[in-house]
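Listed in order, the protein sequences are those of chains Y and L. Mapping of the first sequence onto the working numbering: residues 1 to 321, in sequence order. Mapping of the second sequence onto the working numbering: residues 1001 to 1541, in sequence order. Ideal Cβ positions, reconstructed from N, Cα and C, are used throughout, including at glycine.
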Amino acid sequence: MTSAETKPLGIQPRPPTKHSLGRRLKRTVSLYGWLYAFILPGIILLFLFAYMPMVGLQVAFKDYVIYKPLSEAPWVGFQYFSFITDPVFWQSFNNTILITFFRFLFGFPAPIILAILLNELYNAPFRRLIQSLSYLPHFISWIVVSYILYTFMQLDTGPLNMVLQYLGFEQTNFMGTQDYFRPIVIISAIWKELGWGAIIYLAALSGIDPQLHEAAMMDGAGRLQRILHINLPGIMPTVSIMLILALPGLLTAGYEQIYPLVNATNLGVSNVLDVYVIRLGLTQAQYSVATAIGLALGIVNTLVVLGANWLAKRAGQTGFW
Amino acid sequence: MRRIVQLILAASVIVLAAFQVSAEPVKVSIWSAITGVGQEGKTEVSYSDTPIGNMVSGINGVDWQIQYTQNSNFANAFNLRLASDDWPEAINMPSATLMPMDKLQKLIDAKVIVPLDKYYNNPKYPYINMIPKKVIDYWRMPDGHIYNFPTGVYADPKQAYGYWAAAVWAVRPDYLAAVNMTTSDLKTIAGVEKFLRAVKAKGLKNSDGLPVYPISSGENIGLADLILNTFGVSTVGQGFDMVGSKMVNVRDNPQTKAALAWLNSLWADGIIDPEALSQKNDTLREKMMGKRVAMMASFAWPYWQTVTAGITPVTDMAFLEYPSAPGAAKSGVNVTYNPNGSAGGLLITKNAKNPEAIVNLVNETWKDFDPKMSADAKWEHQLTLEYGNRGVFWDWDPKLGKPYYVTLRDMAAAGGDYNKIAAIGFSMNPIIVQGNDSNYFTANLKDVLDWIFRMHKFYYNKPNVAPERPFDSLKMPAEGLWNKNAEVLGRLDLEYKAKLISAPKGGFEAVWKDYQNQLEQQGNWSKVRAEWEAAYKAQVK
């Protein structure tokens, strides 16, 4: 059999023309120049604020003193990575994981559920009211939220304890014991970001073709069936992207939320990685150790994102690349 | 003709403007490393924007552009400035307690501040020459130079006017009477306990029907510190004091355990406010204003606003001598003052554009040390530097035994409102002059600040107040173990104070052991203590 006989019939693809890099670049710019111009500011910002600071990562491997040039600091290898033997690091690591895991477990599906519920409301003014009310906490700073929490749970005069007492329960000093610290952090985080997080899912739900619902209704599908078989699969690409974006948060409990809630009774559970790194870097000026921890956590975060992206693709969902 | 008139007018304006500029005080930026805020909560203020500041800067020739430190976190603010190399022309340094010598050394190493030797022993600055040699030597750094103009230096080193004497035992007389006791029953810790238990047993309630707590605390369990002091433990400086013939730290002092065990026994019986270990100062103030706390043992800072705003329910509280406690011959020290510069000092940075103007002002602040000056003239001079010309914000009061008083009618009207006080410019001058505390003579502020004045006078000469001792602020290596572990150790102390006080019945010993273990594991306490002891040997012995 000759090679000519193996060729498929029809229009044959033209073999790729080999152009020089300069020529290809020129062609690309002439075709898409304006589009590249539009993304240029973003690239510059990314370079300035995400890549340029990476030069500073060498601090993790140097005996760095803040008021001397970085170039003068001697290399010390992995000396500052000895933080992994520091019991305080592991305490803060455990505290972080416990908070972020449960926050993720309950906090990730919560806005999806809210968005689906809101989507099912036919009364538009009522839906808008609920939406607006659920967004509001997002705009309150964590400092204010911490004061609200302290006041809300105060003994004798706090509304929560007054209700408990009215119902015949004993008052509880919620802020005065470390047992309640994690639930308070998790619940307040979900409450604050629930409405805001639902926006993107509401947008995704509004993009689902109404004809799918009409067809399903004609086939006799109920509301729950349409949610399960049309709405949820319809927003799954968005869920997948949001999941990948949320996973690096597993190592970030949130300094601005935790710090105002810290008091003497919860120091053992409130020392999370963010607080630990800020105390090391800012309060104690141990920049090399703080950078080493930041670098290590950055690597772990990158691996988590890569893994999540790979899993999403394997599950047939949308990934970043 | 019209054109000529216009030209003449324009020229006159220019000449007048030039004169005005030359008469204006020099603007000097200064970082006030002491926590504070300006009027309306501003973090950067121009001193001349306040009525007092406007007058004083006109007299002194320096108009401070003050940058305040916020959030009580001096270490963070210091490190951020060091990292960004963002320094104004001058630094108002806090007292040595707040700004340890290692920070001063870092400023020198980073070449942020300049040596001031050339201004000392300089005939151009005759009053700076009057700074006692002892004071200069105290501030001289290991490289032989002096970088500091100390402020708040005592002409008489033994004088203790003590506005910092604010560590208080206070009781509500109405509740004391309600349980048929008097202040003389509270001279011992056993008497105090009897009172606290009596308040609890009586089930006192305030006018709103809310329960009265026998004793409470502000943030960071200030109550525990004062109980330690009462049990003879010194908590000041670096936490060391002579016990027998040995320097012992607060963490190792057996009386620390005894004091915390006493608190634990009270906690177990529900005597202490259940929110005392966790509440914010705002909550404490609310309770005190609502007469819900029968007794307080802490520094007055957490409830300062309630005792500097005229007569309030809190100013009813009576002061008590520190009660005697088993195992303690006298109370431990919780307040020290440094006669060589109780308020810290002034540093000039590499960025100063007009150091001469600053030094001229410093020279003026030392005029009080001129032996030829009469006492009255000293007061006149000091008050002019702080409050401007006589007759506006201060005046002579011939009726008083003391020569002068600060009138500050507006301040009295401010009624303790910090924003209003700051807007007038009271106490906003970052340079504190040497000498006495004029607050003691503010007769017309009696209604507003009477409680704290009485507090200062009650406590300033008690055993808990002492001049700074040589071992209170040893110069520790900047990158040494002491500085590296200080934050962790401080956090463990606070965490375990709460755990020890709230330990379940019979569980105190186990928590104490855990505390000792954690001090070693997390804070390297033995090594840290050894570093301090080595520094003590080298610097004091």
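Residue i versus residue j: straight-line alpha-carbon distance, rounded
i: L1016 of chain L; j: G1345 of chain L; result: For L1016 of chain L, the pLDDT reaches just 42, beneath the cut-off of 50, and the residue's location in the model is therefore unreliable, although a value from the coordinates is still provided. Going from the Cα of L1016 of chain L to the Cα of G1345 of chain L covers about 38 Å.
i: V29 of chain Y; j: Y36 of chain Y; result: 8 Å
i: V300 of chain Y; j: V277 of chain Y; result: 16 Å
i: M1428 of chain L; j: I1066 of chain L; result: 9 Å
i: F1441 of chain L; j: V1314 of chain L; result: Any answer about F1441 of chain L is weak, because its pLDDT of 48 lies below 50 and its placement is not dependable; what the coordinates show is given next. Approximately 23 Å between the Cα atoms of the pair.
i: S270 of chain Y; j: Y255 of chain Y; result: 10 Å
i: G56 of chain Y; j: L1277 of chain L; result: 41 Å
i: V305 of chain Y; j: A296 of chain Y; result: 14 Å
i: W1301 of chain L; j: N1485 of chain L; result: 27 Å
i: V1528 of chain L; j: L1481 of chain L; result: 6 Å
i: I187 of chain Y; j: W1087 of chain L; result: 42 Å
i: H138 of chain Y; j: P125 of chain Y; result: 21 Å
i: N263 of chain Y; j: I1221 of chain L; result: 9 Å
i: A1018 of chain L; j: G1058 of chain L; result: Confidence in A1018 of chain L is poor, its pLDDT being 40 and thus under 50, which makes the residue's placement unreliable; the coordinate value appears in the next sentence. Answer to the nearest angstrom: the Cα atoms are 17 Å apart.
i: N1476 of chain L; j: D1273 of chain L; result: Position check: residue 1476 of chain L holds Met in this sequence, whereas Asn was assumed. Approximately 39 Å, taken between the alpha carbons.
i: Q317 of chain Y; j: L205 of chain Y; result: 17 Å
i: F1453 of chain L; j: A1343 of chain L; result: 19 Å
i: D1085 of chain L; j: G1191 of chain L; result: 55 Å
i: Q1518 of chain L; j: Q178 of chain Y; result: 18 Å
i: I1358 of chain L; j: E1024 of chain L; result: 15 Å
i: K26 of chain Y; j: W34 of chain Y; result: 13 Å
i: S1184 of chain L; j: L1204 of chain L; result: 21 Å
i: T1306 of chain L; j: Y1418 of chain L; result: 12 Å
i: D219 of chain Y; j: L121 of chain Y; result: 22 Å
i: M242 of chain Y; j: L202 of chain Y; result: 13 Å
i: H1381 of chain L; j: S82 of chain Y; result: 59 Å
i: P1123 of chain L; j: A1297 of chain L; result: 51 Å
Distance CB(residue i)-CB(residue j) smaller than 9 Å
i: V1168 of chain L; j: Y1459 of chain L; result: yes
i: N1474 of chain L; j: I1091 of chain L; result: It should be pointed out that residue 1474 of chain L corresponds to Leu in this sequence rather than to Asn. It is not a contact, given that the beta carbons lie outside the stated cut-off.
i: Y1147 of chain L; j: L1186 of chain L; result: no
i: N1464 of chain L; j: N1334 of chain L; result: yes
i: R1172 of chain L; j: A1261 of chain L; result: no
i: M175 of chain Y; j: L133 of chain Y; result: no
i: P1094 of chain L; j: F1074 of chain L; result: yes
i: G268 of chain Y; j: E1495 of chain L; result: yes
i: K1350 of chain L; j: V1056 of chain L; result: no
i: V185 of chain Y; j: R103 of chain Y; result: yes
i: S1331 of chain L; j: K1194 of chain L; result: no
i: I293 of chain Y; j: F101 of chain Y; result: no
i: N1079 of chain L; j: T283 of chain Y; result: yes
i: L1188 of chain L; j: A1325 of chain L; result: The residue asked about is misnamed: residue 1188 of chain L is Thr in this sequence, not Leu. Going by C-beta atoms, T1188 of chain L is nearer than 9 Å to A1325 of chain L.
i: G1237 of chain L; j: R1469 of chain L; result: yes
Per DSSP, cross-strand counterpart(s) of residue i
i: N1092 of chain L; result: L:S1032, L:L1346
i: T1336 of chain L; result: L:A1466
i: M218 of chain Y; result: Note: M218 of chain Y sits in no beta bridge, so no partner.
i: Y1068 of chain L; result: L:S1032
i: K1205 of chain L; result: L:P1211
i: I1272 of chain L; result: L:I1215
i: I1113 of chain L; result: L:T1349
i: A1170 of chain L; result: L:M1296, L:F1319
i: D1063 of chain L; result: L:K1027
i: K62 of chain Y; result: Y:W75
i: E1044 of chain L; result: L:Q1067
i: T976 of chain L; result: Residue coverage of chain L in this structure runs from 1001 to 1541, which leaves residue 976 of chain L outside it and unanswerable.
i: P1504 of chain L; result: Note: P1504 of chain L sits in no beta bridge, so no partner.
i: P1150 of chain L; result: L:G1345
Is there contact between the stretch 1142-1159 of chain L and the stretch 1333-1341 of chain L, where contact requires at least three CB pairs shorter than 8 Å?
-> yes
Determine contact between the stretch 1495-1504 of chain L and the stretch 1263-1273 of chain L, defined as no fewer than three beta-carbon pairs at a distance below 8 Å.
-> By the criterion of at least three beta-carbon pairs nearer than 8 Å, the stretch 1495-1504 of chain L is in contact with the stretch 1263-1273 of chain L.
For the stretch 1286-1301 of chain L and the stretch 1245-1259 of chain L, state whether three or more C-beta atom pairs, one from each stretch, are separated by less than 8 Å.
-> no
Counting Cβ pairs closer than 8 Å, one from the stretch 1371-1378 of chain L and one from the stretch 1166-1180 of chain L, do we hit at least three?
-> no
Tell me, please, whether the stretch 224-233 of chain Y touches the stretch 138-145 of chain Y by the rule of three or more beta-carbon pairs shorter than 8 Å.
-> no
Contact between the stretch 185-196 of chain Y and the stretch 98-111 of chain Y (3+ Cβ pairs under 8 Å) | yes
Ordered list of beta strand (DSSP E) runs contained in the stretch 1235-1292 of chain L, each at least 3 residues | Positions of the beta strand (DSSP E) runs, each at least 3 residues long and wholly inside the stretch 1235-1292 of chain L, are given as 1240-1243, 1246-1249 in order along the chain.
So does the stretch 200-213 of chain Y actually touch the stretch 162-169 of chain Y, counting three or more Cβ pairs closer than 8 Å?
-> Touching, no, given that fewer than three Cβ pairs across the two stretches are closer than 8 Å.
At 4 residues or longer, and completely inside the stretch 213-292 of chain Y: list those alpha helix (DSSP H) runs for me, N to C.
-> Within the stretch 213-292 of chain Y, the complete alpha helix (DSSP H) runs of at least 4 residues are 223-226, 232-246, 255-258, 267-270, 273-278.
Are there three or more Cβ pairs, one per stretch, closer than 8 Å when the stretch 1211-1222 of chain L is compared with the stretch 1192-1199 of chain L?
-> yes
Do the stretch 57-65 of chain Y and the stretch 281-294 of chain Y touch if we need at least three Cβ pairs shorter than 8 Å?
-> Contact holds: three or more Cβ-Cβ distances are below 8 Å.
Specify whether the stretch 93-110 of chain Y and the stretch 246-253 of chain Y touch according to this definition: at least 3 beta carbon pairs, one from each stretch, less than 8 Å apart.
-> yes
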